[in-house]
Amino acid sequence: GNSVTQMEGPVTLSEEAFLTINCTYTATGYPSLFWYVQYPGEGLQLLLKATKADDKGSNKGFEATYRKETTSFHLEKGSVQVSDSAVYFCALSEGRGSTLGRLYFGRGTQLTVWP
Amino acid sequence: SAVISQKPSRDICQRGTSLTIQCQVDSQVTMMFWYRQQPGQSLTLIATANQGSEATYESGFVIDKFPISRPNLTFSTLTVSNMSPEDSSIYLCSVVKANPTNTGELFFGEGSRLTVL
Chain U
1 GNSVTQMEGP VTLSEEAFLT INCTYTATGY PSLFWYVQYP GEGLQLLLKA
51 TKADDKGSNK GFEATYRKET TSFHLEKGSV QVSDSAVYFC ALSEGRGSTL
101 GRLYFGRGTQ LTVWP
Chain V
116 SAVISQKPSR DICQRGTSLT IQCQVDSQVT MMFWYRQQPG QSLTLIATAN
166 QGSEATYESG FVIDKFPISR PNLTFSTLTV SNMSPEDSSI YLCSVVKANP
216 TNTGELFFGE GSRLTVL
């Protein structure tokens, strides 16, 4: 079956530190992979995605590379800011286009960045 | 993109009662989804709601407990029936919008936080 295992939190960093949040997955086919972010008091927002092996998704300084050989999609950012404090969810879907929607989520990782 | 409004944003309910959550989207969408996020847990898909047909429920979720309506292409409701404290969760509505590359993107509402006493 499909599942996502995500690094347990909370993660606490100082501003400008390097961030890695690990995510590994199990899938029966060739999934698309996503990172969603939930800022305090807001809904889930798509942060980045990758739809095939070796693709790199990037947005707002965050990056994640789809590694089929290690079934991983680790989230990284070279220099975090206080405004990056949020909960981050790794997710996968085997759907494409209009069949996308059935997402399997990790448990979420709370990130707190101190000034 | 899609703007999704959910009501209520939060509520405190008594055991044994039922509550209906509304989801309004700013554009027509074929598929709407209801997720649940229990405290400290991941998001879990409850059901897929397509306009003009019965909702499709995931394993572990049944229509009697979580009846869903989908009267048109911009609106859906989820009812949590005969609530117990175990139903205390955040319930999220989501929709998929196809993009030019047809990879699609899932948009979420802000969620409805229910606490059952």
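Heads up: the protein sequence lines correspond to chains U and V, in order.
Mapping to my numbering: the first sequence position 7 is 7, numbers consecutive.
Mapping to my numbering: the second sequence position 106 is 221, numbers consecutive.
Every residue gets a Cβ at the ideal spot worked out from N, C-alpha and C, and that includes glycine.
These numbers were taken from a predicted model, which means no experiment stands behind them.
Top-ranked residue by Cα proximity to residue i, from the options
i                     : options                   : result
residue 119 (chain V) : V:127, V:148 and V:139    : V:139
residue 196 (chain V) : V:221, V:135 and V:163    : V:135
residue 61 (chain U)  : U:12, U:18, U:34 and U:91 : U:18
residue 125 (chain V) : V:155, V:206 and V:223    : V:206
residue 48 (chain U)  : U:42, U:36 and U:66       : U:36
residue 7 (chain U)   : U:115, U:107 and U:113    : U:107
residue 220 (chain V) : V:203, V:188 and V:148    : V:148
residue 208 (chain V) : V:184, V:154 and V:132    : V:184
residue 179 (chain V) : V:231, V:133 and V:228    : V:133
residue 93 (chain U)  : U:113, U:109 and U:30     : U:30
Paired residues, beta bridge with residue i - DSSP
i                     : result
residue 37 (chain U)  : U:45 and U:88
residue 64 (chain U)  : U:57 and U:75
residue 223 (chain V) : V:209
residue 172 (chain V) : V:162
residue 93 (chain U)  : U:32
residue 137 (chain V) : V:122 and V:192
residue 152 (chain V) : V:158 and V:205
Reduced DSSP category for residue i - H, G, I as helix; E, B as strand; rest coil
i                     : result
residue 79 (chain U)  : coil
residue 202 (chain V) : helix
residue 11 (chain U)  : strand
residue 178 (chain V) : coil
residue 126 (chain V) : strand
residue 186 (chain V) : strand
residue 3 (chain U)   : strand
residue 117 (chain V) : coil
residue 103 (chain U) : coil
residue 17 (chain U)  : coil
residue 113 (chain U) : strand
residue 143 (chain V) : coil
residue 51 (chain U)  : coil
residue 30 (chain U)  : coil
residue 238 (chain V) : Since the displayed chain V opens at 116 and closes at 232, residue 238 (chain V) lies outside it and no answer follows.
residue 24 (chain U)  : strand
Residue i and residue j closer than 8 Å at C-beta
i                     : j                     : result
residue 25 (chain U)  : residue 73 (chain U)  : yes
residue 46 (chain U)  : residue 64 (chain U)  : no
residue 172 (chain V) : residue 164 (chain V) : no
residue 127 (chain V) : residue 230 (chain V) : yes
residue 28 (chain U)  : residue 2 (chain U)   : yes
residue 43 (chain U)  : residue 226 (chain V) : yes
Heavy atom of the ligand GTP within 7 Å of residue i beta-carbon
i                     : result
residue 134 (chain V) : The model depicted lacks the ligand GTP and carries no ligand whatsoever.
Integer-rounded CB distance, given that residue j should sit under 8 Å from residue i
i                     : j                     : result
residue 91 (chain U)  : residue 111 (chain U) : At roughly 16 Å, the Cβ-Cβ gap does not stay under 8 Å, so residue 91 (chain U) and residue 111 (chain U) are not in contact.
residue 137 (chain V) : residue 121 (chain V) : 7 Å
residue 55 (chain U)  : residue 66 (chain U)  : 5 Å
residue 145 (chain V) : residue 129 (chain V) : Wrong, their Cβ atoms sit about 36 Å apart, outside the cutoff.
residue 198 (chain V) : residue 155 (chain V) : Actually they do not touch by this definition, with Cβ atoms about 19 Å apart.
residue 116 (chain V) : residue 222 (chain V) : 7 Å
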